[in-house]
Structure formats: structure tokens, C-alpha cells
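Numbering (the UniProt record's numbering), first residue to last: 1 to 659.
Think of the CB as a built atom: it goes at the ideal place given N, C-alpha and C, for glycine as much as any other residue.
Because the structure is a prediction, the values reported are computed rather than measured.
Please read the structure below before turning to the comments.
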Amino acid sequence: MNLGDQKTINTIRILSAEAIQKANSGHPGLPLGSAPMAYTLWGKHLVHNPHNPKWANRDRFVLSAGHGSALLYSLLHVFEYGLTIEDLQNFRQEGSLTPGHPEYGHTVGVELTTGPLGQGIASAVGMAMAERHLASHFNKEGYDVVDHYTYALVGDGCLMEGISYEAASLAGSLGLDKLIVLYDSNNITIEGNTDIAFTENVRARFEAQGFATFLVEDGNDIEAISNAITAAKASGKPNFIEVKTQIGYGCPAKQGKASAHGEPLGNDNIAETRKFLNHHDEAFFVEDEVKANIKAINEENAAKEAAWNTLFENYAKAYPELAKEWAAWHSDEEVSLEELYANYADTSKALATRQTSYEIINQIANKVENFVGGSADLAPSTKTYMEGKGDFQKDSYEGRNLHFGIREHAMAAIANGMAVHGGMKVYCSTFFVFSDYMKNSMRLAALMNLPVSYVLTHDSIGVGEDGPTHQPIEQLAMLRSMPNMVTIRPADGKETVAAWEYALNSKDHPVSLVLTRQNLPYLAGTGTNAKRGGYIIGDVASKDADIILIATGSEVQLIEAAAKELAKEGIKAAVVSMPSTDLFDMQDKAYQEEVLPKNKTKRIAVEAASSFGWHKYTGFEGAIISMDTFGESAPADLIFKKHGFTVENVMKVAREVLA
């Protein structure tokens, strides 16, 4: 190791510890222990250009152990990504570019939001899948325009979380040879030595999953670390490099101890660490020798990007149509599905919205070449398979149908990784009740403003005989309560078209499409206005109504039929389809007033799910027909009738509200 390397590593260590100490909050153990590993990767292998952080063919680096964020921020400062000393000094402070865990879209150079442990490695698998798919489509002999690695730095906590097992299992099955996982193996977590709860042979686990595995015995030996990364690149498999480190290395009073994990070192210990590492006494100091070292590395990487730019210019001349596709795949062009609405206009017909979605997905697949997706082993049931578009497999990465296996949690995180990588429109699918397994990853998609689409079928007690374990009740309320998530539960074919059109053109938030197993009739008044979240579909305007009936999904047909029967009794009922409370809440006040006038307080909401959240629309004088118990195993029609989802009960409740 030359002096420039050693000084750079120690600078990264000390900057991290100082930022944490100034904040009096953070996790110094990982940055101190894994700085040599991180520097070896960033300085000797990672192909990146700080002056063009979004270069399409850069290597991706994911700090899966996101609590070690100070390490990443120190790297971003030292490698000249624009993060200043002042930013490091504002670590974990309000409005700073250095929050407690890295946030994608907030800090330049952060490739992924990694808060919950395990999310990073799972999303890195998605990035690696995206790279392979794009390479299979665009690369030509002599023109490897897509050719980069995905690196994830993980800790013991990431590998204890089940999502890491799910994701690694799939990565091994798919043979993702451009994925390299670096394991900060220090045998310490918050409660102490990992032996109290984690004694498995981790490398053997990854080897069994199809990874090439490597061991570096000394986490300070950057030559050994570099050699392991070089060997991993040549392995032909996904790669797992275990690097034995000492948590809190360099702090004599804390290294190797659990206390180094998640609390500031203290000023005296930082002084001792500076002395131990032979580092400058001045706080937040970067030596000129370190700056010169980084300058040389950055110039070398800038030359690599320049070479790629020349390669792509020649590629565009040799393959102009592919170059046009490249531009389209990496743009935000609007996609219209206007022509599909007419397919669902015949009111004598009925179709499950999952089946409508299947037809729409296949229409989209024919017009949007970078539309990819799949399910957690449920494509025949969720109706999400793209016919004739091939399967993404180890020997056919050009396939557009993704098979995640029965791995809902990893599926959603992988979809995040594919979306954040860029170049594709991504969807994933399972039964709605299993969105519970996906929730953490869905939340991160919303936090990162990622336009991932979720196809969630079997949306209610309409699942029937499968029983309460498979009948979603509270899941709609869960998704609707999530900031920046748009949830749409369409009532028929035309609303399903609108839902997909909205999802396909989303730029900055994920969209959940909640679809039925059972057939639903095509309704006369539905259509593109479903994209406004709630709208009047009957002949009676809300301002003229005696009562307003509101419903979503399969229950809209009930309120429409009930309104017709109430009209025979002289009661004027406005019918409001509310496929998305999220979208309705985004509308201007004038539109909301048109649909739900403030002076019309007699309202009923009907939904075969939890009543939670509906009171804001029904108010004190309204009523809700809902499911506030779990379902049961019986034919769907029987369950609907038992729980009051009938025309007769809607009419009965309407009379009670009016009385």
C-alpha cells in the first residue's frame, strides 16, 4: 500500500468519525472498519465519473448497510462529488445533504435509499438484472455499450434479514455475473457478538446459492481486497467477497467492541484515533497528497467515460435505430392507451379486472419495448404474462417476463433496483394480501419517487373459498396511508385502462393497481376520468342529489344498481366511482366540490375492505358499508351477501341515512 492510499483511507475514517461526533449521533464502527475495502473499490475498480454522476454506463455502488452513511458521505466528499466539508459538518441535521441514512435523489452520488437492512443487496440484484437485460438488447459485436458492474457493501445485519436470502437465491439462479457483494464481516451487531444469534457459515450459504465466494482475512490489506475483486470479475458467477474487518478499527478504546457500532466515539477517543492512524490534528482536514491521489483516479475515470462516449457515437452511426431506441428507453415519453377504452364499452359484457389488465399488459408490451415485469410465481393467476416476449433467464437475458419465484419481499426490492437503474418501465405482481410482504420495499419506492407499478389481484373477500388468510381487508387502508403511493382499484375494463395509462406515465411515484378475481360488468359511465380519482358516473349530479353513493372496484356496480332502484322511490342518488382516493385528493378544490359538495352531507361509501379512511368522505351524517372483520372460507357471492354487499342493503342504509 502506498502512502497516498493509506492517507486517503485514514482521511475517510477520520472524516466519518468527526461528522458523527459533531452530530453526536451515528454509527462510526462500520466506516472505521471498512474504509480500506470501500477505498479499494472506489479508487481501483469502480468505474464512475464524479463530474457526470448519471453517466449511463457507470458502475453502481450500493451501501446496503445504510447506517454506515458517514462512510459514503466521506467517499463522496473525497472523490469530489460536490459534497462539501460543511455538508459533512451538518451530518444528520435538518435540511442537510447528509441525512442519517443515504437518500436517493437527495444527495448526488447516492444510488439508492437504503434504510431497512437487506433492502440494498436486494435492490442491487435488480440493478444487475437491469444491466444484463439492457446489454442483451443493445450490445453488438465490438460495441458493448452496456457493460458495468453492480457492487453492494453489506454487513451482518443485511445478511440476517430474510430479504437478502431471497434476493441472493434469485441472483444465483439467474447467474448474474456482474454482481459483486462485499461483506463487512466484523461479527458485531448492536447487542454484541453475532454468535448470540448468527452462527451460520455465510460463505457456504452463498456458495450453495450459486455464487463464487472469496475470503480476505485482513480488512486492512487492500492488495488482497483488490485481488479478490479482480478474481470476482472473472468468475462467471455472481460474487460474494467476505472481508474480515474489525469494527471501529483505529480507536484503541473501542475497536472490536459493540459500543463502536452505533454511538459517537467521543472527542478524546477521536484524538486517540488520529494519533493511532498518524492523522493530522486539525478537524475535517484533507491533505494535499490525498487530493492529488483522488485527482489522478478521477482523471483516469473521466478518460474511461470519454472512451465510452466515442464508442457510443460510433455505435449510433453503425446502428442508428438502436441508438434511437436507447434515447426512447431513457426518456419520459408519454404513452397513450386511448384506443383501448372502446374494447370495454359493451355493457352486456363482464370481465375480471385482472383479465382486463392482462389484455392491456399485452397491448402495452407491443408498443413499449422497455416494458418488463413479472410475478412471484403467480403469473397464471394474476394474469401478468406478456405473450411472445420471452422469459428473463440465465441464458436469455433479453426476455421481458421476470420470474421472481415465491419471493414477494425481494421481488419488490428488485423492482426498485431495476427502476432506479434506468432504461425500463417495471411492474411486479402478486395477490393483494401478500402486499404485506412487499410493504417495506413499496414504501422505499414511494420515498425514492420511483414509478414502479404493482399489479395486486384477488382484491377482496371476492377471493372466496381460499378463506381469510387470502382475503385482503386492511391492505387498501395501508397503501392509501402511504405518502407518495397512488392506489387505484378500478370498477371495470375502462377504469382498468385508465389505471394502466396513469401508471405507465407516472414520473415520480409508484402505482398500485388493485384488481378483482371475479368478473365485473362493463359500466356505461366509466372512462378516462378515472384518472381524476373520483367522478360521477350516473345521470344525477351530486349538487342535485338527495344522497351520494361512493364506491370502488367491484362495489361500484352495487351502488349504480341501488341508485336506479332508489330512483323508483323518488330518491335521487348520485353515483360516484372512487377508484383512487389518492388521485381524488390531488384534484383542485373546485373539482372536489363538484363531486362531493360540502352541503351534501348524506353520503354512503361502499367497499369490501376496512372502513378506515372513508370517514373523511362520508362525514358525521354518512355511513360506510365495509369489512371490519376478517373474511371466511366460502363462495364469494355468499360472503358478499352475508356482509351486506347487496343492492338491497345499500338501499336500506340509504333510507336510514336519509331518515
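* State the DSSP-derived secondary structure class of K572, mapped to helix, strand or coil. => coil
* When you compare only the Cα positions, how much space is there between T526 and Y535? -> 9 angstroms
* To do: Answer yes or no: do G533 and D582 have a C-beta to C-beta separation smaller than 8 angstroms?
  => yes
* Use the C-beta contact count for G622: other C-beta atoms within 10 angstroms, 16 or more gives buried, fewer gives exposed. => buried
* Specify whether the stretch 357 to 371 and the stretch 331 to 339 touch according to this definition: at least 3 beta carbon pairs, one from each stretch, less than 8 angstroms apart. => yes
* Under 8 angstroms by Cβ, that's how I've got P102 and A171 pegged, so tell me the actual separation to the nearest angstrom. => The Cβ separation is near 22 angstroms, so there is no contact.
* To do: Could you name the residues of the same chain whose beta carbon sits closer than 6 angstroms to that of A530, not counting the 5 residues immediately before and after it, in chain order?
  => E495, A498, P579
* Which parts of the stretch 137 to 196 are runs of the alpha helix (DSSP H), unbroken and 4 residues or longer, counting only runs that do not cross its ends? -> 156 to 160, 162 to 174
* To do: Measure the C-alpha to C-alpha separation of S16 and S74 and round it to an integer number of angstroms.
  => 6 angstroms
* Asked: What's the C-alpha gap between E313 and Y143?
  -> 10 angstroms
* Run of the beta strand (DSSP E) containing E242, from where it starts to where it stops -> 239 to 244
* **Pairwise C-alpha distance: Y454 and H48** => 32 angstroms
* **Short Cβ contact (8 angstroms threshold) for V125 with Y81** => no
* Return the chain-ordered ranges of every beta strand (DSSP E) run that is complete within the stretch 439 to 504 and spans a minimum of 3 residues. => 453 to 457, 486 to 488
* **C-beta atoms of S512 and T552 nearer than 8 angstroms** => no
* **Contact belief for G390 with N401 at Cβ below 8 angstroms, rounded distance in angstroms** => 7 angstroms
* List the endpoints of the continuous alpha helix (DSSP H) containing S34. => 29 to 44
* Using beta-carbon positions only, say whether A413 and A167 come within less than 8 angstroms of one another. => yes
* Asked: What span of residues does the alpha helix (DSSP H) with A365 cover, start to end?
  -> 353 to 367
* May I ask you to verify whether the stretch 449 to 463 touches the stretch 142 to 162, counting CB pairs closer than 8 angstroms and requiring at least 3? => no
* Asked: On the three-state DSSP scale, how would you describe S610?
  -> coil
* Asked: Would K7 be called buried (16 or more neighbouring beta carbons within 10 Å of its own) or exposed?
  -> buried
* Asked: At what residues does the alpha helix (DSSP H) containing L340 begin and finish?
  -> Here L340 belongs to no alpha helix (DSSP H), and DSSP marks it neither H nor E.
* Going by DSSP, what residues sit across from C251 in a beta bridge? -> C251 is not bridged to any residue.
* **Residues near I190 in its chain [Cβ-Cβ closer than 8 angstroms; skip 5 each side]** => A258, H261, G262
* Reduced DSSP category for P521 - H, G, I as helix; E, B as strand; rest coil -> strand
* Kindly indicate which three-state DSSP category A636 falls into: helix, strand or coil? => helix
* Determine the direct distance from the alpha carbon of I364 to that of E325, and round the result to whole angstroms. => 16 angstroms
* To do: For M386, I'd like the list of residues in its chain whose CB is within less than 7 angstroms of its CB, leaving aside the five on either flank, ordered along the chain.
  => I361, N362, A365, R400, N401
* To do: Please report how far the alpha carbon of K178 lies from the alpha carbon of L76, in whole angstroms.
  => 23 angstroms
* Asked: Between Q592 and the rest of its own chain, which residues show a CB-CB distance below 6 angstroms, the 5 nearest in sequence each way excluded?
  -> none
* To do: Check each candidate in T98, S226, N90, E141 and name the one with the smallest Cα separation from D5.
  => S226
* To do: Measure the CB-CB distance between F630 and I473 and report whether it falls below 8 angstroms.
  => yes
* Given Y397, which residues of its chain have a CB within under 6 angstroms of its CB, disregarding the five upstream and five downstream residues? -> R132, H133, S136
* Asked: By Cβ distance, which residues of its chain are closer than 7 angstroms to E305, with the 5 residues on each side in sequence left out?
  -> N49, N52, W55
* Asked: Taking 8 angstroms as the CB-CB cut-off, is H67 touching chain D?
  -> Among the protein chains of the structure shown there is no chain D, as only one such chain exists.
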